[in-house]
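*Asks:* The sequence shown begins at -9 in my numbering and counts up by one.
Handing you a structure now.
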Amino acid sequence: MSTTVVFDSNVWELIVDDAKRADAKTPAAVRTLYTLINDKVITSFIFEGIANFEAIPRKGRKAFVRDYKATISMSEGDQAAKKINGTPAAEISEQLEATIEKAASLDFSFIHLPRIAAPRHQIVNKYKAPEALDLETRLERSFRCARDIESMGCGMQVLKDMLLSPENGLLPALQDDPIAEKKFSEGVAEWMDGDALAATYGYGHEYFCTYDQGKNAGQSSILHPKNRATYMQKYGVKIVTPEELIAALISPAPV
């Protein structure tokens, strides 16, 4: 039976890209993961944040969120739906699109956590992960976990605190300022990490594989050792490095 794994962007891009694979921290482990995926020992997934938000250059994330308008569709009775087009999803680079296509050729697919009015790139829909659970169950699990992560001061809560704090206020936080830009970009990254782990649990997947061990992360990071331990104990998802994942599946693990 295949093992389900959600791969962080600092791992999956190394697995699917031949050129990057050779430059990995542990190239033998990455090559082994490639083989395990190719042999269907691992069923592999990516969280959609890499295409929807993380692909936006760090200096452009705040401006994108500030100016973003959601698409609205309305219908009444048998009348055709009326649609008001909002801001399209941010463009992804040709390089990232090519890397995603390589991942799709290995049967990677995107898991999703549907935040209201949040953008969604069409490539995410193109390679949408199948539902292992019924939709209602998956959404209940995902958002219950996301709320728990936010209650720890992690995930999307980092961004909320930044925008709504008395010190910053919403408008100053969205102004063009290098310090605010950097903090906002970091807040988006924490949001994506939190939602990725919430969606991993929501879909019922077993592992989240990342090189990020949270050693330098602050306590607002869900990958901080204390927070990840709380998450793993409560939700049963194992956060592992490539080497730890291989050790769990085959022994000994290459280094």
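Every residue, glycine too, gets a C-beta built ideally from N, C-alpha and C.
Just so you know, these numbers come straight off a predicted model, no measurement behind them.
#1: Distance check for aspartate 13 and proline 232, CA to CA, integer angstroms please.
#2: Give me, in chain order, the residues of the same chain whose beta-carbon lies closer than 8 Å to that of valine -5; leave out the 5 immediate sequence neighbours on both sides.
#3: Identify every residue that forms a DSSP beta bridge with glutamine 212.
#4: Just mark alanine 41 as buried or exposed, buried being the case when its beta carbon has 16 or more other beta carbons within 10 Å.
#5: Compare the Cα-Cα distances from leucine 123 to each of Tyr191, Met142, Pro104, Lys92 and report the closest residue.
#6: Looking only at DSSP bridge pairs, what is phenylalanine 246 linked to?
#7: Going by the CB atoms, is the gap between methionine 142 and asparagine 173 shorter than 8 Å?
#8: Leaving out five residues on either side along the sequence, give the residues of the same chain with a beta carbon under 7 Å from the beta carbon of methionine 222.
#9: Since lysine 228 sits in a beta bridge, which residues does DSSP pair it with?
#10: Which stretch, first to last residue, makes up the alpha helix (DSSP H) that contains valine 20?
#11: Do you know whose CA, among Asn115, Cys144, Ala94, Gly177, lies nearest lysine 216's CA?
#12: Could you tell me which of His102, Gln85, Lys224, Ser99 sits nearest to aspartate 7, measuring between CA atoms?
#13: Can you give me the Cβ contacts of glycine 204 inside the same chain, cut-off strictly under 7 Å, excluding the 5 residues immediately before and after it?
#14: Identify which residue in Ile139, Trp2, Asp29 has its Cα closest to the Cα of serine -8.
#15: How would you call alanine 163, buried or exposed, if buried means at least 16 neighbouring beta carbons within 10 angstroms?
#16: With a CB to CB cut of under 7 Å and the five nearest residues on each side skipped, what residues in its chain are close to leucine 4?
#17: Among Leu23, Asn0, Ser83, whose alpha-carbon lies nearest the alpha-carbon of isoleucine 240?
#18: Going straight from the alpha carbon of histidine 102 to that of aspartate 202, what length do you get?
#19: So leucine 96 and isoleucine 139 are supposed to be a Cβ contact under 8 Å. How far apart are they, rounded?
#20: Using the beta-carbon count (16 or more within 10 Å), is threonine 127 buried or exposed?
#21: Which of the three DSSP states, helix, strand or coil, is assigned to isoleucine 240?
*Replies:* Reading it off the structure:
#1: Using only the alpha carbons, I get a separation of about 15 Å.
#2: If we look at valine -5 and ignore the five residues flanking it on each side, its Cβ neighbours are Ile32, Thr33, Ser34, Phe35, His195, Glu196, Tyr197, Phe198, Cys199, Leu235.
#3: The displayed chain sequence assigns isoleucine, not glutamine, to residue 212. Residue pairing by DSSP leaves isoleucine 212 without any beta bridge partner.
#4: Its Cβ being crowded by 16 or more others within 10 Å, alanine 41 is buried.
#5: Here the closest residue by C-alpha is Tyr191.
#6: As displayed, the chain neither begins before -9 nor continues past 245, which places residue 246 out of reach and without an answer.
#7: Reading off the sequence shown, one finds lysine at residue 173, where the question assumed asparagine. No, Cβ-Cβ distance for lysine 173 and methionine 142 is not below 8 Å.
#8: Cβ within range, chain order: Lys228, Ile229.
#9: Per the DSSP secondary-structure output, lysine 228 pairs in a beta bridge with Tyr197.
#10: Going by DSSP, valine 20 is part of the alpha helix (DSSP H) stretching over 17 to 28.
#11: Restricting attention to Asn115, Cys144, Ala94, Gly177, the CA atom closest to the CA of lysine 216 is found in Cys144.
#12: When each option's Cα is compared against that of aspartate 7, the closest is Gln85.
#13: Excluding residues within five positions, the ones whose Cβ falls inside 7 Å are Ser211, Leu213, His214, Pro215, Arg218.
#14: Out of Ile139, Trp2, Asp29, Asp29 has the C-alpha closest to the C-alpha of serine -8.
#15: Bear in mind that the predicted position of alanine 163 carries a pLDDT of just 49, short of 50, making it unreliable; the figure below should be weighed with that in mind. Buried, because 16 or more other Cβ atoms sit within 10 Å of the Cβ of alanine 163.
#16: The answer, listed in chain order, is Lys10, Arg11, Ala14, Val20.
#17: It is Leu23 whose Cα lies nearest to the Cα of isoleucine 240.
#18: Here the C-alpha atom of histidine 102 lies approximately 21 Å from the C-alpha atom of aspartate 202.
#19: So it is not a contact: roughly 29 Å between Cβ atoms.
#20: Result: exposed.
#21: Coil, per DSSP.
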